[in-house]
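First up is the structure itself, then whatever we jot down about it.
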Amino acid sequence: QVQLVESGGGLVQAGGSLTLSCLASGNIFRFNAMRWYRQAPGKQRELVATITSGGYTNYADSVKGRFTISRNNAKNTVYLQMNSLKPEDTAIYYCNANNANNYWGQGTQVTVSS
Numbered sequence: 001q002v003q004l005v006e007s008g009g010g011l012v013q014a015g016g017s018l019t020l021s022c023l024a025s026g027n028i029f030r031f032n033a034m035r036w037y038r039q040a041p042g043k044q045r046e047l048v049a050t051i052t053s054g055g056y057t058n059y060a061d062s063v064k065g066r067f068t069i070s071r072n073n074a075k076n077t078v079y080l081q082m083n084s085l086k087p088e089d090t091a092i093y094y095c096n097a098n099n100a101n102n103y104w105g106q107g108t109q110v111t112v113s114s
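Residue numbers 1 to 114, in this note's numbering, belong to the letters of the sequence shown in order.
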């Protein structure tokens, strides 16, 4: 059974930075891609960033230039470095991994105060 555990969320002022981590139970090379999603209150879950097993990355327009997704295969961990945070980035951030199946973490809260 795959487990994904997010950490690193918290409260930060606008303009600040946070780094989220997603620790997977086992080798992350077995996943075609790993992604970060977020869900703000009253809104649908949205895709924030993707990193494939080959290292290809992609970002939502709203975070391009501010967020960076990366992976450390030796640590079975994917990161989301978030800079220049805005109040509209406030959401629960979820880690996702997929191969033939889709796996989700429990989420970590990010709150950006103005």
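Backbone N, C-alpha and C define an ideal beta-carbon position, used for all residues, glycine too.
From a predicted model like this one, the values you see are computed outputs, not experimental measurements.
Three-state secondary structure assigned by DSSP to residue i
| i | result |
| --- | --- |
| Arg35 | strand |
| Asn73 | helix |
Residue from the options whose Cα sits closest to the Cα of residue i
| i | options | result |
| --- | --- | --- |
| Glu6 | Gly16, Val12, Leu23 and Ala14 | Leu23 |
| Glu88 | Val110, Trp104 and Asn73 | Val110 |
| Ala91 | Ser17, Pro41, Val48 and Gln13 | Pro41 |
| Gly9 | Ser114, Leu47, Tyr94 and Ala100 | Tyr94 |
| Gln81 | Ala14, Gln1, Tyr103 and Leu18 | Leu18 |
| Gly15 | Asn101, Ala97, Leu85 and Gln106 | Leu85 |
| Asn99 | Leu11, Asn27 and Ser70 | Asn27 |
| Ser25 | Tyr37, Phe67, Tyr103 and Ser62 | Tyr103 |
Paired residues, beta bridge with residue i - DSSP
| i | result |
| --- | --- |
| Gly8 | Beta-bridge pairing links Gly8 to no other residue. |
| Ala24 | Leu4 |
| Phe29 | Looking at the DSSP assignment, Phe29 forms no beta bridge with any residue, so it has no partner. |
| message | Any contact between the region 22-36 and the region 51-58? By contact I mean 3 or more CB pairs, one from each, below 8 Å. | response | yes
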